[in-house]
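*Asks:* Residue numbers (UniProt numbering): 1 to 450.
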């Protein structure tokens with residue numbers, strides 16, 4: 001009986017370990033823990049149910065957007081070894097082109113700039129194509145460069161895009177007789193219909209509004225925001241599926257070969273430059289789409305939204321999850337948003353609920369000076385007052401610890417099989433009632449692992 005119990009326990013442990021190895025389980029478990037922690041913080045802060053759900057909705061929105069861009073960056077760096085740190089520039093191109101194509105030809109109101117008045121699906125397609133073409137323009141000359149020099153080229157391109165959007169010359173201009181404009185430093189204001197109206201005008205959406213009102217007390221505006229976050233999650237799943245399929249295709253196997261040893265790939269007759277150009281264009285197009293979905297429903301956009309720190313945030317998410325792992329990209333995005341991006345402000349609010357913090361000194365010197373007389377209170381109050389600024393310090397500390405403890409990221413250490421089908425489960429060959437091992441393999445390992 002004891003032996004059977006032990007065997008059953010071992011089988012159950014094996015099943016649980018096999019279940020945990022599934023990527024979907026890892027993602028769902030991590031996100032469930034994140035949402036539970038945030039819900040608990042919301043309850044501690046005295047939020048109502050609709051406030052807690054709205055907090056989780058905003059976090060879902062950010063995780064979905066960062067997850068899309070991180071997956072696209074993983075296609076560049078994780079699978080091909082292309083050091084792209086101009087991510088924000090391609091996101092900006094996608095969004096600005098979409099808005100210029102969608103804005104009406106004859107706008108009304110102050111500070112409005114004309115567009116082409118195209119339907120939103122065509123405008124979005126145009127923005128994605130424009131971001132991909134920008135990637136092509138950068139890739140053809142830049143791929144002659146290696147590593148750091150390629151990175152310098154991409155970040156320089158992103159800054160050229162951002163500064164070009166702020167210039168007065170780009171504020172309003174003419175292309176083939178059509179008047180367009182980026183708005184310069186003031187940016188563009190959304191004066192076209194909500195792109196999500198195609199969903200919001202469905203009869204089924206009225207039922208969704210009624211449901212969210214009954215469950216959370218949401219009004220129509222909050223219900224629309226929740227619906228959009230759900231749409232972004234579905235798009236994120238589409239990104240994941242596309243890049244996962246790409247990585248397991250013959251095209252993806254060549255990309256991995258380029259990452260590991262480009263000269264070896266060339267010796268096998270592969271035109272590595274052509275593959276790198278294709279994957280760079282694809283990744284940039286996906287970044288453009290993510291930029292569109294990030295902000296095209298907002299009231300307006302300015303070039304300051306695409307400063308270099310956006311690119312660095314994406315890289316932090318990729319480093320946390322682990323380069324070369326699509327699951328790690330999504331998981332890293334979730335942890336980045338929950339812990340490093342949104343976490344500090346909620347921790348601050350929680351502290352304010354527990355203790356009363358007095359007035360902080362106005363200067364750093366005023367905070368440090370009392371330390372000489374063994375009075376840490378002013379320094380602590382100053383630190384608390386600058387809590388959000390310390391967010392960047394927290395990001396740096398997290399990266400240092402991660403590089404020291406897990407240099408490959410949380411899931412970057414895993415080996416991904418290059419083949420699209422399992423290679424370990426081989427059919428048994430009947431040779432007189434015995435199973436014969438394949439040529440060149442041993443019974444313990446079954447051949448070389450990918």
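All C-beta atoms, glycine included, are put in the ideal place defined by N, C-alpha and C.
Are the CB atoms of residue 329 and residue 64 nearer to each other than 8 Å?
*Replies:* For the purposes of this step, residue 329 is taken as residue 329 along the chain shown, with counting starting at 1. For the purposes of this step, residue 64 is taken as residue 64 along the chain shown, with counting starting at 1. No. Outside cutoff.
*Asks:* Tell me the rounded alpha-carbon separation between residue 443 and residue 157.
*Replies:* In the chain shown, residue 443 corresponds to position 443, counting from 1. In the chain shown, residue 157 corresponds to position 157, counting from 1. With a pLDDT of only 38 at residue 443, under the threshold of 50, the placement of this residue in the model should not be trusted; the figure read from the coordinates follows. Approximately 54 Å, taken between the alpha carbons.
*Asks:* Which value, in whole angstroms, describes the spacing of the CA atoms of residue 380 and residue 350?
*Replies:* To locate residue 380, count along the chain shown from 1; it is residue 380. To locate residue 350, count along the chain shown from 1; it is residue 350. Those two C-alpha atoms are separated by around 16 Å.
*Asks:* Can you give the Cα-Cα distance for residue 92 and residue 326, rounded to whole angstroms?
*Replies:* Locating residue 92 in the chain shown gives position 92, counting from the first residue. Locating residue 326 in the chain shown gives position 326, counting from the first residue. Cα-Cα distance, rounded: 24 Å.
*Asks:* Hey, is the segment 105-120 in contact with the segment 258-265, meaning 3+ C-beta pairs nearer than 8 Å?
*Replies:* Not touching, per the Cβ criterion.
*Asks:* Taking a contact to mean a Cβ-Cβ separation below 8 Å, would you say residue 297 touches residue 196 in this structure?
*Replies:* On the chain shown, position 297 is the one that residue 297 refers to. On the chain shown, position 196 is the one that residue 196 refers to. Cβ distance < 8 Å, so residue 297 and residue 196 count as in contact.
*Asks:* Contact between the segment 278-287 and the segment 72-81 is defined here as three or more beta-carbon pairs at a separation below 8 Å; is this criterion met?
*Replies:* Touching, yes, given that three or more Cβ pairs across the two stretches are closer than 8 Å.
*Asks:* What residue from 137, 334, 16 has the CA that sits closest to residue 58's CA?
*Replies:* Looking up residue 58 in the chain shown gives position 58. When each option's Cα is compared against that of residue 58, the closest is 334.
*Asks:* Is residue 187 helix, strand or coil by DSSP?
*Replies:* Stepping through the chain shown from its first residue, residue 187 is reached at position 187. Of the three classes helix, strand and coil, the one that applies to residue 187 here is coil, per DSSP.
*Asks:* So, using beta-carbon positions, are residue 44 and residue 386 closer together than 8 Å?
*Replies:* Start at 1 with the first residue of the chain shown, and residue 44 comes out as number 44. Start at 1 with the first residue of the chain shown, and residue 386 comes out as number 386. No, the pair does not count as a contact, with Cβ atoms beyond the cut-off.
*Asks:* Does DSSP put residue 178 in a helix, in a strand, or in coil?
*Replies:* Translated into the one-based positions of the chain shown, residue 178 becomes position 178. DSSP places residue 178 in strand when its eight states are reduced to three.
*Asks:* Near residue 187, which residues of its chain fall below 7 Å by C-beta distance, leaving aside the five closest residues on each side in sequence?
*Replies:* The residue labelled residue 187 in the question sits at position 187 within the chain shown. Cβ within range, chain order: 300, 301, 302, 303.
*Asks:* With distances taken Cα to Cα, identify the nearest neighbour of residue 136 among 36, 284, 52.
*Replies:* Position 136 of the chain shown, counted from the start, is the residue given in the question as residue 136. Of 36, 284, 52, the residue nearest in Cα terms is 284.
*Asks:* May I ask you to report which of helix, strand or coil DSSP gives residue 127?
*Replies:* Indexing the chain shown from 1 puts residue 127 at position 127. It is helical.
*Asks:* If you measure between the beta carbons of residue 181 and residue 320, is that distance less than 8 Å?
*Replies:* The residue labelled residue 181 in the question sits at position 181 within the chain shown. The residue labelled residue 320 in the question sits at position 320 within the chain shown. Going by C-beta atoms, residue 181 is not nearer than 8 Å to residue 320.
*Asks:* Going along the chain, which residues of its own chain have a beta-carbon closer than 6 Å to the beta-carbon of residue 21, five neighbours each way excluded?
*Replies:* Residue numbering aside, residue 21 sits at position 21 when the chain shown is read from its first letter. Within the same chain, residue 21 has no close Cβ partners at all.
*Asks:* Take residue 185 and list the residues in its own chain whose beta-carbon comes closer than 6 Å to its own, dropping the five residues that flank it on each side.
*Replies:* Sequence index remark: in the chain shown, residue 185 carries index 185 (1-based). Within the same chain, residue 185 has close Cβ partners 166.
*Asks:* So within the segment 254-292, which uninterrupted alpha helix (DSSP H) runs reach at least 4 residues, ignoring any that extend past its ends?
*Replies:* Counting whole runs of 4 or more residues, the segment 254-292 contains the alpha helix (DSSP H) stretches 262-267.
*Asks:* Cα-Cα, which of 116, 198, 191 is closest to residue 176?
*Replies:* Position 176 of the chain shown holds residue 176. Out of 116, 198, 191, 116 has the C-alpha closest to the C-alpha of residue 176.
*Asks:* Do you know how far the Cα of residue 332 is from the Cα of residue 32?
*Replies:* The residue you call residue 32 lines up with position 32 of the chain shown. The residue you call residue 332 lines up with position 332 of the chain shown. Going from the Cα of residue 32 to the Cα of residue 332 covers about 14 Å.
*Asks:* So, helix, strand or coil for residue 173, using DSSP?
*Replies:* As a first step, residue 173 must be located in the chain shown, where it is residue number 173. Reduced to three states, the DSSP call for residue 173 is strand.
*Asks:* Quick one, are the C-beta atoms of residue 189 and residue 84 less than 8 Å apart?
*Replies:* Counted from its first residue, the chain shown places residue 189 at position 189. Counted from its first residue, the chain shown places residue 84 at position 84. Not a contact, by the Cβ cut-off of 8 Å.
*Asks:* Grouping DSSP H, G and I as helix and E and B as strand, with all else coil, what is residue 300?
*Replies:* Translated into the one-based positions of the chain shown, residue 300 becomes position 300. In this structure, residue 300 counts as strand in the three-state DSSP scheme.
*Asks:* Taking the alpha carbon of residue 201 as the point to measure from, which residue in 183, 214, 223 has its own alpha carbon closest?
*Replies:* Taking the chain shown and counting its residues from 1, the one referred to as residue 201 is at position 201. It is 223.
*Asks:* So, residue 38 versus residue 60, is the Cβ gap smaller than 8 Å?
*Replies:* As a position in the chain shown, residue 38 is number 38, starting the count at 1. As a position in the chain shown, residue 60 is number 60, starting the count at 1. No, the Cβ-Cβ distance between residue 38 and residue 60 is not below 8 Å.
*Asks:* Measure the C-alpha to C-alpha separation of residue 29 and residue 134 and round it to an integer number of angstroms.
*Replies:* Within the chain shown, the letter at position 29 stands for residue 29. Within the chain shown, the letter at position 134 stands for residue 134. Rounded to whole angstroms, residue 29 to residue 134 spans 38 Å at the Cα level.
*Asks:* Output the distance between the C-alpha atoms of residue 13 and residue 340, rounded to the nearest integer angstrom.
*Replies:* Along the chain shown, read from residue 1 onward, the residue named residue 13 stands at position 13. Along the chain shown, read from residue 1 onward, the residue named residue 340 stands at position 340. Near 34 Å, if we compare the C-alpha coordinates of residue 340 and residue 13.
*Asks:* Residue 42 to residue 36, Cα distance in whole Å?
*Replies:* Your numbering for residue 42 matches position 42 in the chain shown. Your numbering for residue 36 matches position 36 in the chain shown. Each residue's Cα considered, the two are about 10 Å apart.
*Asks:* Beta carbon of residue 103, beta carbon of residue 213: below 8 Å?
*Replies:* Against the chain shown, residue 103 aligns to sequence position 103. Against the chain shown, residue 213 aligns to sequence position 213. No, these two residues do not count as a Cβ contact at 8 Å.
*Asks:* Helix, strand or coil: which one does DSSP assign to residue 103?
*Replies:* Locating residue 103 in the chain shown gives position 103, counting from the first residue. Of the three classes helix, strand and coil, the one that applies to residue 103 here is coil, per DSSP.
*Asks:* For a quick check, are the C-beta atoms of residue 126 and residue 292 less than 8 Å apart?
*Replies:* Taking the chain shown and counting its residues from 1, one reaches residue 126 at position 126. Taking the chain shown and counting its residues from 1, one reaches residue 292 at position 292. In this structure, residue 292 does not lie closer than 8 Å to residue 126 by Cβ.
*Asks:* From 148, 396, 289, pick the residue whose C-alpha is nearest to that of residue 129; which is it?
*Replies:* Looking up residue 129 in the chain shown gives position 129. The option with the nearest alpha carbon to residue 129 is 289.
*Asks:* So is residue 204 buried or exposed if we call it buried at 16+ other beta carbons inside 10 Å?
*Replies:* Locating residue 204 in the chain shown gives position 204, counting from the first residue. Residue 204 comes out exposed.
*Asks:* Could you say which of 82, 411, 398 lies nearest to residue 152 if we only look at CA atoms?
*Replies:* Numbered from 1 along the chain shown, position 152 holds the residue referred to as residue 152. Per the Cα distances, 82.
*Asks:* Between the C-alpha atoms of residue 250 and residue 218, what's the straight-line distance to the nearest angstrom?
*Replies:* Residue mapping note: residue 250 aligns to position 250 of the chain shown, counting from 1. Residue mapping note: residue 218 aligns to position 218 of the chain shown, counting from 1. Cα-Cα distance, rounded: 48 Å.
*Asks:* Are there 16 or more other CB atoms within 10 angstroms of the CB of residue 433, so buried, or fewer, so exposed?
*Replies:* One-based indexing of the chain shown puts residue 433 at position 433. Its pLDDT being 47, under 50, residue 433 is placed unreliably by the model, and the measurement read from it follows with that caveat. It counts as exposed.
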